[in-house]
Structures are given as structure tokens and as C-alpha cells.
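In this text, residue positions in the sequence shown follow my numbering: the first is 1, and each later residue adds one.
Ideal placement from N, C-alpha and C gives every residue a C-beta, glycine not left out.
Note that the structure is a prediction, hence the values are computed from the model and not measured.
One structure is given below, encoded as C-alpha cells.
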Amino acid sequence: MDCDRCGKCCIETSMQLSLNDIRRLEKLGYDRGDFTIIKDGFYTLKNRKGACYFFDTKSRCCKAYAKRPLGCRYYPIVYSLDKNQPIIDEEECHKASTITEHELKTTAPKLARLIRRIIKDSPKKDKQQRRRRLNSQNYQDVPKKQSERDLVIQRSKIAEEY
Ligand code: SF4
Ligand code: SF4
1 MDCDRCGKCC
11 IETSMQLSLN
21 DIRRLEKLGY
31 DRGDFTIIKD
41 GFYTLKNRKG
51 ACYFFDTKSR
61 CCKAYAKRPL
71 GCRYYPIVYS
81 LDKNQPIIDE
91 EECHKASTIT
101 EHELKTTAPK
111 LARLIRRIIK
121 DSPKKDKQQR
131 RRRLNSQNYQ
141 DVPKKQSERD
151 LVIQRSKIAE
161 EY
């Protein structure tokens, strides 16, 4: 993808976090109480003055770019509840058309893995409720069998990257 780092996806973010995301950011010296909130039962990036806690409004860059949450890495690829498949968020990202079929295909199983992790790590107890509430902007569905198979295929690739 040809992301030009315009920063739009860092404004009023509602990106959910896994505990791995949180721990990775804590290793940079950040306090989870400063950069997370619990929203709809999920750990979510906190906004400060209308933008993500990590967004530098002067440089318009992410202060934690190398260690940013996985959901931020995968964006603008998201899941559609209606279509039950990964989709590209063309409404919000002006570079979304540069996503290739290959990127879409390889990112889908990673998203599946992330979604399951975020649900598991959620601090509230009602898992069914959490699943229903999982942010419609970023992860609109939990992939089913097809993606489970892809997940296995992609496991070594994920391990290499993360
Ligand atoms: S992913 Fe899209 S919206 Fe986000 S910084 Fe890149 S081009 Fe901008
Ligand atoms: S963590 Fe970084 S990439 Fe993700 S929303 Fe915040 S500023 Fe943007």
C-alpha cells in the first residue's frame, strides 16, 4: 500500500488493543493508564485533543510507529460484518485503492488472529456481548472456517514479522 502517512486514521481513533499491543508500547516507557481507555469492554487507544495519544500533531507522525498496535498496521484493511470478509476502508483512507489483492489476502488471517486475541484480552467478562460490540469501524466480524485455515498457512509468516 502506498500510505502517505496523512494521519487521518489517527484522528479520533477507536482502535482496539490486545495486551500484546499494550505491553509492546509499555516497553517504550509509556504507562497504559495514559494511552488506553476501556470502551465497550475493550482496551482502546485513548485520544488526546481529538487525536490518538501517540499522534504528534506537529509532525503528523506516530510517536510509536515502529511499535504501533497491529490494528494500525493492518488499516485500512478491516472486516465487514455484512460481507463476512475483509474489506478496504475506502471511505476513510484516501490511499485505500493502492492496497493490492495480495495484501488483502495475507492480512485477512492476521486480522482474524488479532480479533480473537482482542476478544480474549478484553477486561470485561461477557464475551458474547464483547463480540457483538467489537468495534464496527475497525473489526466488524470474527472470521470463520476459511480464515482459520488461512491462519495456519500464515502462522510462520506472522511469527517472522512479529
Ligand atoms: S492508512 Fe490511509 S488514512 Fe491512514 S495515514 Fe495512511 S493514507 Fe492516511
Ligand atoms: S498508535 Fe500511532 S498509528 Fe495508531 S492511531 Fe495512534 S498515532 Fe496512529
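Report the CB separation of residue i from residue j in whole angstroms; it is logged as a contact under 8 angstroms.
| i | j | result |
| --- | --- | --- |
| CYS62 | ARG68 | 6 angstroms |
| LEU70 | ASP2 | With 8 angstroms as the limit, LEU70 and ASP2 do not qualify as a contact, their Cβ atoms being about 20 angstroms apart. |
| LYS27 | ILE37 | Incorrect: roughly 20 angstroms between the Cβ atoms, too far for contact. |
Hey, how far is the Cα of residue i from the Cα of residue j?
| i | j | result |
| --- | --- | --- |
| ILE88 | PRO109 | 15 angstroms |
| LEU111 | LYS120 | 14 angstroms |
| SER14 | ASP40 | 10 angstroms |
| VAL168 | LYS49 | No information on residue 168 is available, as it lies outside the stretch 1 to 162 that the chain covers here. |
| PHE35 | ILE99 | 29 angstroms |
| LYS105 | TYR53 | 30 angstroms |
| LEU19 | CYS93 | 26 angstroms |
| CYS184 | ASP56 | Since the displayed the chain opens at 1 and closes at 162, residue 184 lies outside it and no answer follows. |
| GLU12 | ALA51 | 5 angstroms |
| GLY33 | TYR43 | 11 angstroms |
| LYS95 | ASP4 | 8 angstroms |
| ARG117 | GLU101 | 25 angstroms |
| GLU103 | PRO76 | 11 angstroms |
| ALA64 | GLY7 | 13 angstroms |
| SER97 | GLU91 | 10 angstroms |
Going by DSSP in three states, residue i sits in which element: helix, strand or coil?
| i | result |
| --- | --- |
| TYR163 | The shown model of the chain, from 1 to 162, leaves out residue 163, and the question about it has no answer. |
| LYS83 | coil |
| THR36 | strand |
| ARG5 | coil |
| CYS52 | strand |
In terms of residues, what are the limits of the alpha helix (DSSP H) holding residue i?
| i | result |
| --- | --- |
| ILE22 | 19 to 26 |
| TYR43 | No alpha helix (DSSP H) contains TYR43, which is instead part of the beta strand (DSSP E) from 42 to 45. |
| ILE118 | 101 to 121 |
| GLY71 | 70 to 74 |
Which stretch, first to last residue, makes up the beta strand (DSSP E) that contains residue i?
| i | result |
| --- | --- |
| THR57 | Counting along the chain, THR57 falls outside any beta strand (DSSP E), and DSSP gives it neither H nor E. |
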